[in-house]
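Letter 42 of the sequence shown, counting from 1, is numbered 41 in numbering that gives the first Met the number 0, and no numbers are missing.
Worksheet: one structure, shown below.
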Amino acid sequence: MLTFIIIPQTISLTTVWGNLDLIIENLLTANIPVATALMKLLVVWYNGKVLKVLFIHVIEDWMNPKSEREREVMLRNAKIARILCISCFCIIQTALTAYITISIIVNSQSAKTRSNDMQQIFCQAYYPYDAGKSPNFELTYLGQYIATLYASFSYSGIDTFLAMLILHLCAQLKNLCFALKHLVSEVERKEKMTFRGELAIIVNKHECLIRFAASIEKSFNIMLLVQMLACSVQFCFQGYQIISILKREHEQLSLPQLVFLIILLISIGLQLFVYCYVGQNLITESTKL
Numbered sequence: 000m001l002t003f004i005i006i007p008q009t010i011s012l013t014t015v016w017g018n019l020d021l022i023i024e025n026l027l028t029a030n031i032p033v034a035t036a037l038m039k040l041l042v043v044w045y046n047g048k049v050l051k052v053l054f055i056h057v058i059e060d061w062m063n064p065k066s067e068r069e070r071e072v073m074l075r076n077a078k079i080a081r082i083l084c085i086s087c088f089c090i091i092q093t094a095l096t097a098y099i100t101i102s103i104i105v106n107s108q109s110a111k112t113r114s115n116d117m118q119q120i121f122c123q124a125y126y127p128y129d130a131g132k133s134p135n136f137e138l139t140y141l142g143q144y145i146a147t148l149y150a151s152f153s154y155s156g157i158d159t160f161l162a163m164l165i166l167h168l169c170a171q172l173k174n175l176c177f178a179l180k181h182l183v184s185e186v187e188r189k190e191k192m193t194f195r196g197e198l199a200i201i202v203n204k205h206e207c208l209i210r211f212a213a214s215i216e217k218s219f220n221i222m223l224l225v226q227m228l229a230c231s232v233q234f235c236f237q238g239y240q241i242i243s244i245l246k247r248e249h250e251q252l253s254l255p256q257l258v259f260l261i262i263l264l265i266s267i268g269l270q271l272f273v274y275c276y277v278g279q280n281l282i283t284e285s286t287k288l
């Protein structure tokens, strides 16, 4: 990602400085998304031990004995996490496929006219060699594609993994709230020592969930902030780019370009929705408890 996308595109950014349209195209095409994906990978690698502990807690929660109602709550949130994961992955891969289609169409047209100058690599960037000459063009194109594909997996996979952890936490909070209500409703029927023992179990579980949430916040709050800012900037840049293209009378959007822009907007909006959805769920369940 650094070798084929981030560093070459950052160098290319300095050559187009002063042209707002080219700057936005440079940042929006791959620079911001790939840099964000790389940042996520580094954060996950740095917090690998924390993630291991959190994952062990999730496994223990599934292995521990539970009522049918508690299991249904956990399964429902797990299914929601799976739907979010599949949706994010499919939309991002569809956007990537649409962009590849556009690139192939342009390069096919240039091949028919035998014009190497019109050939476009996957992402416009600066390289210390002639990227338009074969086999440099093919190798550079392949390297950029692999880097972008890897970044797309990292970009969506880490988001949905954290969403899964938070939704699991929400399910545990909901089950804990139900257990507390059930304990209070049965207080008159239980012996004093039995009541204290069950209450102690609930308190210990609550403290464990607090530590679970604190670990996520401490390890990934900066990453989530950068992700939200990056999505907001991308959304604004994409809107500006669409409006600018529509206002140009001499430039018409092809169908693949239109599909790519629409899917990209949906993808950015879905990333924002995932964070807002799981965050609101966490606030709701913690407030109820």
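Note that the Cβ used here is the ideal one computed from N, Cα and C, for glycine as well.
query: Check whether the Cβ atoms of A213 and L168 sit closer than 7 Å, and answer yes or no.; result: no
query: With H, G and I counted as helix, E and B as strand and the rest as coil, what does DSSP make of I99?; result: helix
query: Please return the same chain residues whose Cβ sits closer than 8 Å to the Cβ of L12, not counting the five positions on each side in sequence.; result: I22, N25, L26, N30
query: How about E67 and N174: are their beta carbons less than 7 Å apart?; result: no
query: By Cβ distance below 7 Å, which residues in the same chain neighbour K204 in space, the five residues on each side in sequence not counted?; result: L175
query: Does DSSP put K204 in a helix, a strand or coil?; result: helix
query: Can you tell me where the alpha helix (DSSP H) with D20 in it begins and where it stops?; result: 19-25
query: Which same chain residues, not among the five before or five after I90, have their C-beta less than 7 Å away from its C-beta?; result: I262, I265, S266, L269
query: Anyone know if the C-beta pair for S218 and V49 falls short of 7 Å?; result: yes
query: What is the rounded straight-line gap between the Cα of C235 and the Cα of G196?; result: 55 Å
query: Could you give the DSSP three-state label for D129: helix, strand or coil?; result: coil
query: May I ask which residues mark the beginning and end of the alpha helix (DSSP H) holding W44?; result: 31-45
query: Going by C-alpha distance, which of G238, F272, C207 is nearest D60?; result: C207
query: Kindly indicate the opening and closing residues of the alpha helix (DSSP H) around I6.; result: 6-14
query: Within 10 angstroms of the Cβ of M222, are there 16 or more other Cβ atoms? Answer buried if so, exposed if not.; result: buried
query: Is it true that the CB of G142 sits closer than 7 Å to the CB of F3?; result: yes
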